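Colleague: Let me begin by handing over the structure; questions about it come next.
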Amino acid sequence: MKRIIILIVTFILVFTLSACKDTGSSSEDNVVYVTVYPMQFLVEAIAGDKVIVKRVPRSSGHQISIDWFPKEIIDMIESDLLFYIHGGLDNYIEDTKDSTLKGGDVTFVDMSKFISYNQVCFSHDHEGETTTLVSGCDAGELSDDPHFWLDPVKMLEAANVVKEKLIIEFPENQELFSNNFIELSASLEKLHDDYNIMSDLVTKPIMTTTMLFTYYHERYNIEIHPISTSLHTTQDIATDFIEFTNEALENDLDYIIFEKNANSPTGDKILEEINKTKPEASKLYLHGLGNLTREEFEEGKNYIIIMYDNLETLNKATK
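If you want my numbering, it's the 1-based position in the sequence shown plus 7.
Rendered as structure tokens:
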């Protein structure tokens with residue numbers, strides 16, 4: 008009953024706003040919604056002040072179910088573009104775009120139709136070797152890893168998609184979008200080059216608390232030993248912590264890499280066990296970049312800066 012009432016109110020508001028909408032247009036009228044921070048970064052970098060970028064209300068970057076307020080629904084369906092990732096991160100958009108979010112002017116852009124996501128699985132053989140790629144996995148064990156933005160090359164592909172969609176929606180700004188894209192491309196290409204320099208000097212694998220960072224393996228050939236079987240959250244697997252501890256010691260790892268802004272009790276336990284033999288072992292952090300905290304925004308952090316922070320972590324952990 009609640010959903011029916013919301014849909015009725017939404018329909019009335021859409022009809023009213025459409026009838027009253029000014030035929031003129033300004034930058035304030037150009038609104039683009041995104042579900043994760045990397046898409047926000049791309050739209051802002053390419054569109055500049057020609058659009059207003061908004062996050063889908065209460066989106067966390069993980070798959071969740073959302074009951075939006077009617078005003079929030081109206082704002083989204085009366086916007087111009089809505090970029091979403093799919094692949095388990097924001098399936099609530101796919102689930103609602105033909106129902107709750109139907110009937111407005113917004114154009115939905117599913118990035119999974121334009122970017123080839125890595126397929127990953129998790130296996131642990133008798134030798135203690137972890138595998139995070141397609142090889143050695145049954146078809147039923149595979150899942151898409153939608154965190155393409157951890158790969159600067161795929162981020163550049165996504166930037167091109169954003170540019171083209173913006174030009175279609177706002178053709179009067181084509182020259183600005185194209186020029187901004189060229190500038191952004193140079194930054195992403197340099198980022199990729201700097202990661203390549205790091206990859207040439209890798210001497211040891213890394214152990215991470217999550218499978219979130221498989222793109223670093225695929226693009227830069229870093230051997231990754233993930234503790235968790237999850238892409239989106241860390242999960243305790245306490246029965247295996249001794250095996251992971253032995254792996255870390257056998258590979259002479261100086262660090263366990265945690266996801267920034269996330270907890271891993273199992274990772275803490277493994278590090279505690281490692282410290283019994285290797286007291287100098289410690290934590291490092293990699294940022295998943297799906298979301299930035301308020302503090303990170305206030306500090307002026309952005310995609311490029313944090314990717315270089317991640318590069319510094321990888322440089323330290325793989326030597």
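C-beta atoms are modelled at their ideal positions from N, C-alpha and C, and glycine is treated no differently.
Quick caveat: nothing in here was measured; it's all calculated off a predicted structure.
#1: Pick helix, strand or coil for E176, following the three-state DSSP scheme.
#2: Does the contact criterion of 3 or more C-beta pairs under 8 Å hold for the region 255 to 265 versus the region 213 to 221?
#3: Taking the alpha-carbon positions, what's the N253 to D74 distance?
#4: Between which two residues does the beta strand (DSSP E) harbouring D82 extend?
#5: Rounded to whole angstroms, what is the Cα-Cα separation between A255 and P233?
#6: Start and end of the beta strand (DSSP E) containing P2?
#7: Return the bridge partner residues of R62 from the DSSP annotation.
#8: Check whether the region 197 to 210 and the region 175 to 185 are in contact - that is, three or more C-beta pairs closer than 8 Å.
#9: Leaving out five residues before and five after A324 in sequence, what residues of the same chain have Cβ atoms less than 7 Å from its Cβ?
#10: Closer than 8 Å is the cut-off here; do at least three beta carbon pairs connect the region 42 to 58 with the region 165 to 177?
#11: Are the Cβ atoms of E79 and P64 separated by less than 9 Å?
#12: Taking Cβ positions, are L88 and V113 nearer each other than 9 Å?
#13: Assign I312 to one of two classes, buried (16 or more other C-beta atoms within 10 Å of its C-beta) or exposed (fewer than that).
#14: Is the beta carbon of L157 closer than 9 Å to that of S192?
#15: How far does the alpha helix (DSSP H) with N317 in it extend, from its first residue to its last?
Modeller: In brief:
#1: DSSP places E176 in the helix class (H, G or I) of the three-state scheme.
#2: yes
#3: 45 Å
#4: Element bounds for D82: not the beta strand (DSSP E) but the alpha helix (DSSP H), P77 to I84.
#5: 11 Å
#6: Since the first residue shown for the chain is 8 and the last is 326, residue 2 is missing from the structure and cannot be characterised.
#7: Looking at the DSSP output, R62 bridges to V41.
#8: no
#9: I213, Y262, I264 and L291
#10: yes
#11: yes
#12: yes
#13: exposed
#14: no
#15: Y310 to A324
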